[in-house]
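Quick note: the sequence shown, position 50, residue 31 per our numbering, numbers continuous. Encoded as structure tokens, the structure appears first; notes follow it.
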Amino acid sequence: MTGGEPYTLGLFDTADYPQTDVFLVYFSVVSPSSFENVKEKRVPKITHHCPKTPLLLVGTQIDLKDDPSTIEKLAKNKQKPITPETAEKLAHDLKAVKYVECSALTQKGLKNVSDEATLTALEPPEPKKSRRCLLL
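See the structure below:
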């Protein structure tokens, strides 16, 4: 239920589904390689096949951001969990509608992800008009 109305979501694991209303692009906040994959592979594929379809950037496994053993493993490779600020910057750079986070383990943020996806599908953002300058 979003806004008191029931909706049915269909989730598909594909980047070239032509009738898609909104793409949810997931990455693990404790996997810098999955974060890099978003900008290097996944979003370019989506924008190639469905350039006008809105997307949400979703950080997963937020329950592990503060897990000592996860932090230690990342530190061994001179890495850290992806911060919300870093992910929000990427979302902005990729022209995503929004960045949201969740944890399947703790259920934290799952409803928000679902609500944001539903709202984006129901009320997609207005395409930004490009400003052009014509000199005569």
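The C-beta atom is built at its ideal place from N, Cα and C for all residues, glycine as well.
Segment limits, beta strand (DSSP E) that includes residue i
i	result
K79	79 to 82
Three-state secondary structure assigned by DSSP to residue i
i	result
V6	strand
E(-14)	strand
L91	helix
A85	coil
K118	Residue 118 lies beyond the range of the chain shown here (-18 to 117); nothing can be said about it.
K61	coil
S14	helix
P106	coil
K70	helix
P(-1)	coil
P32	coil
K26	helix
Beta-bridge pairing of residue i - partner residues as DSSP gives them
i	result
L37	L5, K79
Burial state of residue i (16 or more Cβ within 10 Å)
i	result
Q42	buried
G90	buried
T101	buried
E97	buried
P106	exposed
E82	buried
G40	buried
K79	buried
T99	buried
L103	exposed
N-terminal and C-terminal residue of the alpha helix (DSSP H) that residue i is part of
i	result
T49	Per the sequence shown, residue 49 should be read as Pro rather than Thr. It spans 49 to 57 - the alpha helix (DSSP H) in which P49 sits, taken as one unbroken run.
Cβ of residue i within 9 Å of any chain D Cβ
i	result
P65	Structure shown: chain D not included; a single protein chain is present.
Whole-number beta carbon distance between residue j and residue i, since they are thought to touch under 8 Å
i	j	result
T34	F8	Not a contact, Cβ separation roughly 18 Å.
A77	L38	5 Å
I63	V24	At roughly 15 Å, the Cβ-Cβ gap does not stay under 8 Å, so I63 and V24 are not in contact.
L55	K46	The pair is not a contact, with the Cβ atoms about 10 Å apart (cut-off 8 Å).
T1	D44	Actually they are not in contact, since the Cβ atoms of T1 and D44 sit about 28 Å apart, beyond 8 Å.
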